[in-house]
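Report on the following structure.
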Amino acid sequence: MATEIRLPESHPAPVEGVHAAMEALYNWNYDSEIDQLRTLYANALERQWIAMRDLDWEAPFDREAFSRSVSLGGFPIQQTRFWSSLPEQTRWEISRRSAAWLLSNFLHGEQGALMVASQLVAAVPHMDGKFYAATQTLDEARHVEVFAAYVRKIDDVQPISPGLKRLLDNVLATPSWLEKAVGMQVVTEGLALYSFRDMRNAAEEPLLRKLLTYVSRDEARHTGYGVKYLSHVVPTLTDAERAGLEDFAYEAARLLIDSRSGTALRDSVLGIWRSAGIDVADVLPKLIQERAGMRQELQRTGGRFGPVRGFVIPTLRSIGLFSERIQRHFEEIFTANFGPELGDLSQDAVDLPEDLEAWVNEGA
Ligand SMILES: [Fe+2]
Ligand SMILES: [Fe+2]
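When you read off a place in the sequence shown, starting at 1, and then add 93, the result is the number in the numbering used here.
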């Protein structure tokens, strides 16, 4: 008699497919070819951590500290008079639901990174690149694990924003390992690293702060991988190949800018405020006014640059994927999203940190 196997009630959990075809490459040379990638692999092995052991998931959760921790798209809403005027319970409701929206998108992005890293093991041509991508695959599984566990503490997991979904689909579906590398390792990882570090610097809730520090250290290596690998390969490409890669990077960045500053974010955030009982029509003009006053301070601290302009674009420039042609495309989206006074990229002088891990550790 066959033994009955009982499946969980929700089996299978909801899944969604994207067709991903690519060529898997054997490499019969087992000696190191790109030493910098081999070193990165060795570093990754040394720096593994265990989410359920190394973070204190049982510590009491400080709601007030958490409510002081959340900023929206780089806008420090906690420093406004509007925010101080809200009751404590409302601040907590808005904070936890806004953060759940943002952290859910981080979580979905981590799942995308997990799958792309595993694709890179097969798709990249160098053995050093395969070794490294294997460690990244494990890192990303851990990131999915920690973000899922943290979101669970504050709210339900929220659906992925459409721009991010399209970006992940594009990176998973392309057969080109170079496009996967630039779309995930440079653009998406760069944005994630910058945003996680920013959020960590503002976070007063201890678990979130520690979690983001640990995750950012991993992301620093992931970005380093993209930068080192592509810096090695881009000079060997034809002009047409380089232009194609620039276009792919541009499209990835455009989708991320859209999903952060476009209507998806605005509608979600305003919806959260409304359901917390706030009269948005009354509050928004006051906030916009206060924001104008804060802009000077943001400019002084370099905050106006944000992750794409302050990190992703300088990285693309440093690996030779930011021609004048592509700069003009970026200037168009910056003008459309942030106004003509912020549309000129030619005067930007952003120095990338030499040592990304040290940069993450600053202020940890
Ligand atoms: Fe990650
Ligand atoms: Fe990553």
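C-beta: ideal position from N, C-alpha, C; glycine also.
DSSP state of residue i mapped onto helix, strand, coil
{"i": "Leu409", "result": "helix"}
{"i": "Asn454", "result": "helix"}
{"i": "His112", "result": "coil"}
{"i": "Thr428", "result": "helix"}
{"i": "Arg174", "result": "helix"}
{"i": "Tyr287", "result": "helix"}
{"i": "Arg161", "result": "coil"}
{"i": "Leu282", "result": "As written in the sequence, residue 282 is Glu, which differs from the Leu given in the question. Helix at Glu282."}
{"i": "Arg140", "result": "coil"}
{"i": "Ala179", "result": "As written in the sequence, residue 179 is Leu, which differs from the Ala given in the question. Three-state DSSP puts Leu179 in coil, outside helix and strand."}
{"i": "Ala106", "result": "coil"}
{"i": "Glu298", "result": "coil"}
{"i": "Gln61", "result": "Lying before the first or after the last residue shown, residue 61 is absent from the chain, which here runs from 94 to 457."}
{"i": "Asp372", "result": "coil"}
{"i": "Gly395", "result": "Bear in mind that a pLDDT of 46 at Gly395, under 50, signals an unreliable position, so the number given afterwards is only what the model happens to contain. Note: Gly395 maps to coil in three-state DSSP."}
{"i": "His315", "result": "helix"}
{"i": "Met94", "result": "The predicted model places Met94 with a pLDDT of 47, which falls under 50 and marks its position as unreliable; any figure quoted below should be read in that light. Note: Met94 maps to coil in three-state DSSP."}
{"i": "Gly436", "result": "coil"}
{"i": "Asn122", "result": "coil"}
{"i": "Glu334", "result": "helix"}
{"i": "Val443", "result": "coil"}
Of the listed residues the options, nearest to residue i (C-alpha basis)
{"i": "Glu459", "options": "Asp248, Asp149, Glu151", "result": "There is simply no residue 459 to check, as the chain begins at 94 and stops at 457 in what is shown."}
{"i": "Ser411", "options": "Leu380, Val373, Asp444, Thr331", "result": "Asp444"}
{"i": "Pro255", "options": "Arg131, Ala442, Asp128, Ser361", "result": "Ser361"}
{"i": "Leu349", "options": "Tyr119, Arg302, Tyr307, Pro400", "result": "Pro400"}
{"i": "Leu78", "options": "Val244, Arg310, Ser177", "result": "Since the first and last residues shown for the chain are 94 and 457, residue 78 lies out of range."}
{"i": "Trp194", "options": "Val373, Leu380, Val244", "result": "Val244"}
{"i": "Ala215", "options": "His236, Arg184, Glu233, Tyr119", "result": "Tyr119"}
{"i": "Leu286", "options": "Pro299, Ser416, Leu304, Asn263", "result": "Leu304"}
{"i": "Val405", "options": "Lys258, Gly319, Phe159, Arg259", "result": "Gly319"}
{"i": "Ala137", "options": "Asp340, Gly403, Asp232", "result": "Asp232"}
{"i": "Leu414", "options": "Ala442, Gly276, Arg302, Leu363", "result": "Gly276"}
{"i": "Lys258", "options": "Arg156, Gly432, Ala346, Asp147", "result": "Ala346"}
{"i": "Ala336", "options": "Tyr322, Pro407, Glu417", "result": "Glu417"}
{"i": "Ile127", "options": "Glu139, Ala158, Ala144, Lys223", "result": "Lys223"}
{"i": "Glu173", "options": "Val376, Asp221, Ser288", "result": "Note that residue 173 corresponds to Thr in the displayed sequence, not to Glu. Minimum Cα distance to Thr173 is reached at Val376."}
{"i": "Lys246", "options": "Pro169, Leu300, Ala117", "result": "Leu300"}
{"i": "Gly456", "options": "Ala429, Asp437, Thr230, Glu297", "result": "Glu297"}
Distance CB(residue i)-CB(residue j) smaller than 9 Å
{"i": "Trp270", "j": "Pro328", "result": "no"}
{"i": "Ser191", "j": "Val163", "result": "yes"}
{"i": "Ala266", "j": "Val453", "result": "no"}
{"i": "Pro252", "j": "Ser211", "result": "no"}
{"i": "Tyr307", "j": "Trp176", "result": "no"}
{"i": "Asn263", "j": "Phe341", "result": "yes"}
{"i": "His315", "j": "Glu282", "result": "yes"}
{"i": "Val279", "j": "Thr132", "result": "no"}
{"i": "Tyr322", "j": "Met220", "result": "no"}
{"i": "Ala226", "j": "Leu213", "result": "yes"}
beta-carbon residue i near ligand 1 non-hydrogen atom, thresh 8 Å
{"i": "Glu203", "result": "yes"}
{"i": "Val308", "result": "yes"}
Residue-chain proximity (residue i, chain D), Cβ-Cβ < 9 Å
{"i": "Ala336", "result": "Although the question refers to chain D, the structure presented lacks it and comprises just one protein chain."}
### Task
Name all residues in chain order for which at least one heavy atom of ligand 4 lies closer than 7 Å to the residue's CB.
Ligand 4 is not among the ligands present in this structure, which contains only ligand 1 and ligand 2.
#### Entry: Inter-stretch contact (C-beta, 8 Å, three-pair minimum) for the region 418-435 and the region 106-118
Counting C-beta pairs closer than 8 Å gives fewer than three between the region 418-435 and the region 106-118, which falls short of the contact rule.
### Query
Are at least three pairs of beta-carbons, each pair with one atom in the region 287-303 and one in the region 377-386, less than 8 Å apart?
They do not touch, by the three-pair rule.
### Query
When the Cβ atoms of the region 198-205 are set against those of the region 229-249, are three or more pairs found closer than 8 Å?
Verdict: yes, contact present.
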